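Engineer: Pasting in a structure now, in structure tokens, and then I'll have a few things to ask.
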Amino acid sequence: TTQRAYNFSAGPAVLPVSVLEQVRDEMMCLPGSRCSLLEMSHRDKVFIDILHDAENTVRSLMGISDDYAVLFLQGGAALQFSMIPANLLAGSGKSAAYIQTGVWGKKAIAEAKKEGDVNVVYDAAESNFNHVPGSGDYSVSDDSAYLYFCNNETIQGVQFQDEPACPAGVPLVCDASSDFMHKPVDINKYGLMYACAQKNAGPAGVTVVVIRRDLLDRGSKTLPGYLQYKNHADADSEWNTPPTFAIWVLGKVARWLQDDIGGLEAIEKLNRQKSSLLYDAIDQSGGFYTGHAKPDCRSLMNVTFTLPNDDLQAAFIAEAAANDLVALKGHRSVGGIRASVYNAMPLEGAKALAQLMNDFASKNA
Ligand code: PMP
1063 TTQRAYNFSA GPAVLPVSVL EQVRDEMMCL PGSRCSLLEM SHRDKVFIDI LHDAENTVRS
1123 LMGISDDYAV LFLQGGAALQ FSMIPANLLA GSGKSAAYIQ TGVWGKKAIA EAKKEGDVNV
1183 VYDAAESNFN HVPGSGDYSV SDDSAYLYFC NNETIQGVQF QDEPACPAGV PLVCDASSDF
1243 MHKPVDINKY GLMYACAQKN AGPAGVTVVV IRRDLLDRGS KTLPGYLQYK NHADADSEWN
1303 TPPTFAIWVL GKVARWLQDD IGGLEAIEKL NRQKSSLLYD AIDQSGGFYT GHAKPDCRSL
1363 MNVTFTLPND DLQAAFIAEA AANDLVALKG HRSVGGIRAS VYNAMPLEGA KALAQLMNDF
1423 ASKNA
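In my numbering, the protein residues as written are 1063 to 1427.
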């Protein structure tokens, strides 16, 4: 069948239908260019315009000033686990502070330790990563190289509601891979924010790095060229061939957010509506569904919960699939159900899933 389902995949994930339609329509020949974007030089003016448009749309959506560089890189979010400490920690004589609230923070810490001294200032592992710390729950030394956190832990479904407390002068570094551009953010509070695109911003293949320009000079000149942020900033993301297709689609998703949705305040409202439908279904199930995240740290993007036993869980997934609701199985490390309701998930998809949750609970409780 070529019938599309509501796709709750954690990533790569749902994209706006209008973006997919544009990509389809322009695939054989980019209007006026006599070839497709896939076949075009990254130095072609048409592509440079596409790159600038993607950058400028992201800048305007997020209110990013020229004090920051916006880079389009490869290597996924995982390469940032290493590039961040390689540029901002190695050789600094300092220690970097990390907050660990889930699997992705844990992986980032493991990579950072290869580059320098790491201080895990808060670790939520003992409570099975079901919450994020409050500002009084940890402390960060004033001379830390930076404070690192993951805003939304995709696997556990726990999300910071606000930036974690961070001493003035210590750059705040954020993995926003699974909630990039899901609501307005004051980027001036950050030294660096990065996100792989394949969850909330586009297809796999490109990672956006927003970095305050004064941090660009911290990377040692002996780093491999690709790993130095400054090279990419100086070359406007054309230090080598950038992932042209992924940037093209990311630019279209950003334009959709701006023009069709109406910006980040509008998408936040929609995201709150969608996730509330699912959290309400959990809370009103009389204990049939158990949410993983503590209520004050619930993610607007990844709704994680369990059913009373494995058989019911399997039956739920099967019934959902029969109703065109797919990719709901939780990550293998935590089990249960994970419904990812990223920006591009339509309200109708969340409504259909909430309805199924309510029906399934009344039938099986
Ligand atoms: N950070 C977060 C929050 C993620 O959800 C992911 C997703 N896979 C990653 C990092 C790693 O991304 P990638 O596979 O692009 O390296």
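Heads up, the beta-carbon is just placed ideally off N, CA and C, and yes, glycines get one too.
From a predicted model like this one, the values you see are computed outputs, not experimental measurements.
Return yes when the Cβ of residue 1262 is within less than 8 Å of the Cβ of residue 1220, no when it is not.
Structural biologist: no
Engineer: Per the DSSP calculation, residue 1402 is bridged to which residue(s)?
Structural biologist: In the DSSP output, where bridge partners are listed per residue, residue 1402 has 1364.
Engineer: By alpha-carbon positions, which one of 1181, 1409, 1169, 1299 ends up nearest to residue 1157?
Structural biologist: Taking only the C-alpha atoms, the option nearest residue 1157 is 1181.
Engineer: Below 8 Å, how does it come out for the region 1200–1217 and the region 1143–1161: are there three or more Cβ pairs, yes or no?
Structural biologist: yes
Engineer: If you draw a straight line from the C-alpha of residue 1284 to the C-alpha of residue 1168, how long is it?
Structural biologist: 27 Å
Engineer: Need the endpoints of the alpha helix (DSSP H) that residue 1124 sits in, please.
Structural biologist: Counted as a single uninterrupted DSSP element, the alpha helix (DSSP H) harbouring residue 1124 occupies residues 1107–1124.
Engineer: Below 8 Å between beta carbons: does that hold for residue 1363 and residue 1190?
Structural biologist: no
Engineer: Leaving out the 5 sequence neighbours to the left and right, which residues in its chain are closer than 8 Å to residue 1183 when beta-carbon positions are compared?
Structural biologist: 1159, 1160, 1161, 1200, 1201, 1202, 1209
Engineer: Hey, out of 1127, 1136, 1389, 1259, whose CA is closest to residue 1314's CA?
Structural biologist: Checked all of 1127, 1136, 1389, 1259; the closest Cα to residue 1314 is 1259.
Engineer: When the Cα atoms are used, what is the spatial distance from residue 1370 to residue 1353?
Structural biologist: Looking at the backbone, the Cα of residue 1370 and that of residue 1353 are separated by about 12 Å.
Engineer: Any idea which residues DSSP pairs residue 1221 with across the strands?
Structural biologist: Looking at the DSSP assignment, residue 1221 forms a beta bridge with 1214.
Engineer: Say the cut is 7 Å; is the CB of residue 1361 nearer than that to a heavy atom of the ligand PMP?
Structural biologist: Exclusion of residue 1361 from the 7 Å shell around the ligand PMP follows from its C-beta lying no nearer than that to any non-hydrogen atom of the ligand.
Engineer: Using 8 Å for Cβ pairs, my map puts residue 1074 next to residue 1265. What's the rounded Cβ distance?
Structural biologist: 6 Å
Engineer: Out of curiosity, what's the CA-to-CA distance linking residue 1373 and residue 1383?
Structural biologist: Near 15 Å, if we compare the C-alpha coordinates of residue 1383 and residue 1373.
Engineer: Identify which residue in 1400, 1271, 1207, 1212 has its Cα closest to the Cα of residue 1299.
Structural biologist: Of the candidates 1400, 1271, 1207, 1212, the one whose C-alpha sits nearest the C-alpha of residue 1299 is 1271.
Engineer: Assuming residue 1416 and residue 1332 form a contact by the criterion Cβ under 8 Å, report the distance between their Cβ atoms to the nearest whole angstrom.
Structural biologist: That pair is no contact at about 15 Å.
Engineer: Among residues of its own chain, excluding the 5 on either side of residue 1102, which ones have a beta-carbon nearer than 8 Å to its beta-carbon?
Structural biologist: 1092, 1095, 1108, 1109, 1306
Engineer: Can residue 1239 be considered in contact with the ligand PMP, in the sense that its beta carbon sits closer than 7 Å to one or more heavy atoms?
Structural biologist: yes
Engineer: At 3 residues or longer, and completely inside the region 1136–1215: list those beta strand (DSSP E) runs for me, N to C.
Structural biologist: 1157–1162, 1179–1185, 1209–1212
Engineer: For residue 1387, does the three-state DSSP call read helix, strand or coil?
Structural biologist: strand
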